[in-house]
Amino acid sequence: MNLALFDLDNTLIAGDSDTEWPKFLIKRGLLDPEHHARQNDYFYEQYKAGTLDIYEFLDFQLQPLTRFSREELAELHAAYLEEHIKPIIPQKARDLLAAHEAQGDVVLIITATNRFITGPIAAELGVEHLIAVELEVDENGNYTGKPTGVPSYQDGKITRLNDWLAQRGETLAGYDKSFFYSDSRNDIPLLSIVSHPVAVDPDPTLQAHAEEHGWPVITLRD
Numbered sequence: 011m012n013l014a015l016f017d018l019d020n021t022l023i024a025g026d027s028d029t030e031w032p033k034f035l036i037k038r039g040l041l042d043p044e045h046h047a048r049q050n051d052y053f054y055e056q057y058k059a060g061t062l063d064i065y066e067f068l069d070f071q072l073q074p075l076t077r078f079s080r081e082e083l084a085e086l087h088a089a090y091l092e093e094h095i096k097p098i099i100p101q102k103a104r105d106l107l108a109a110h111e112a113q114g115d116v117v118l119i120i121t122a123t124n125r126f127i128t129g130p131i132a133a134e135l136g137v138e139h140l141i142a143v144e145l146e147v148d149e150n151g152n153y154t155g156k157p158t159g160v161p162s163y164q165d166g167k168i169t170r171l172n173d174w175l176a177q178r179g180e181t182l183a184g185y186d187k188s189f190f191y192s193d194s195r196n197d198i199p200l201l202s203i204v205s206h207p208v209a210v211d212p213d214p215t216l217q218a219h220a221e222e223h224g225w226p227v228i229t230l231r232d
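Residue numbers for the sequence shown follow this note's numbering, so the first one is 11 and each next one is one higher.
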């Protein structure tokens, strides 16, 4: 049996769900556009450079979730999915997922974006298994704006994957083949331990690393 791992942002979708969500809230008049754009640009430049402090970013990114009930957030997310995410899901991405499913592979999305944002996107893509940043909730079940556990970012993706496999009584080496598809330099640690790393519409650093190591480079953009 094979394991097929997929990054989400700029890999399975032609954009970043973590930046599309605040754009959606700003369009609805629910976020201050100037402050958020300035802060988001600050963090995105760090992400592209591989220097992002994930905890500092999460403190910023998760705060809007504290302003709404879970019911309100569910309604907002449904509109966000329709307006911002479905239009940027390439058919080639859906086809690649379907090809792995058709040959009986275990398919898993592993992303540094939080589960609130990515859970419904994984469901839209037909992917059952998801590793994402987990979120703390209060006694009423509402989000506190804090993450829990190890964020699935850079080396943290390896930690979270190994934990997920251990819960299933498995190891990465137990699979005949392991694939990981990603666009980002931040995923080089996990790409380096699977048997079949694939760079998807990669950033310049990953492009150079993939070429140096003979990894396939593909595009999923229509």
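Positions of the beta carbon are idealized from the N, C-alpha and C atoms, including for glycine.
**Asked** What are the partner residues of valine 210, as DSSP defines its beta bridges?
**Response** Residue numbering aside, residue 210 sits at position 200 when the sequence shown is read from its first letter. For valine 210, which the question treats as bridged, DSSP gives the partners Ile228.
**6 Å Cβ shell around leucine 91 - same chain, five flanking residues per side excluded** = Position 81 of the sequence shown holds residue 91. Cβ within range, chain order: Pro130.
**Message:** I'd like the span of the alpha helix (DSSP H) that includes tyrosine 185, first residue to last.
**Reply:** Residue numbering aside, residue 185 sits at position 175 when the sequence shown is read from its first letter. Where tyrosine 185 is concerned, there is no enclosing alpha helix (DSSP H), given that its DSSP letter is neither H nor E.
**Prompt:** Buried or exposed: where does leucine 13 fall if 16 or more other Cβ atoms within 10 Å of its Cβ makes it buried?
**Reply:** Here residue 13 refers to the residue found at position 3 of the sequence shown. Label assigned to leucine 13: buried.
**Prompt:** Just to check, is the beta-carbon of lysine 187 closer than 7 Å to a non-hydrogen atom of the ligand NAD?
**Reply:** The model on display carries no ligand, and the ligand NAD is accordingly not part of it.
**Request:** Measure the alpha-carbon distance for asparagine 152 versus glycine 39 and round it to whole angstroms.
**Result:** Taking the first residue of the sequence shown as position 1, residue 152 is located at position 142. Taking the first residue of the sequence shown as position 1, residue 39 is located at position 29. Their Cα atoms are separated by approximately 21 Å.
**Request:** Leaving out five residues on either side along the sequence, give the residues of the same chain with a beta carbon under 8 Å from the beta carbon of isoleucine 141.
**Result:** As a working mapping, residue 141 is identified with position 131 in the sequence shown. Leu118, Ile119, Ile120, Thr121, Ser162, Lys167, Arg170, Leu171, Trp174.
**Request:** Pull up the distance between the alpha-carbon of methionine 11 and that of threonine 123, whole angstroms please.
**Result:** If you number the sequence shown from 1, residue 11 lands on position 1. If you number the sequence shown from 1, residue 123 lands on position 113. Approximately 28 Å, taken between the alpha carbons.
**Asked** At which residues does the beta strand (DSSP E) containing leucine 135 begin and terminate?
**Response** Taking the sequence shown and counting its residues from 1, one reaches residue 135 at position 125. Element bounds for leucine 135: n/a, residue is neither H nor E.
**Asked** What whole-angstrom Cβ distance do aspartate 253 and leucine 230 have, given they're in contact under 8 Å?
**Response** Only positions 11 to 232 of the chain appear in this structure, which leaves residue 253 out of reach.
**Asked** Under the DSSP definition of a beta bridge, which residues are partnered with threonine 123?
**Response** Residue 123 sits at position 113 when you count from the first residue of the sequence shown. Looking at the DSSP assignment, threonine 123 forms no beta bridge with any residue, so it has no partner.
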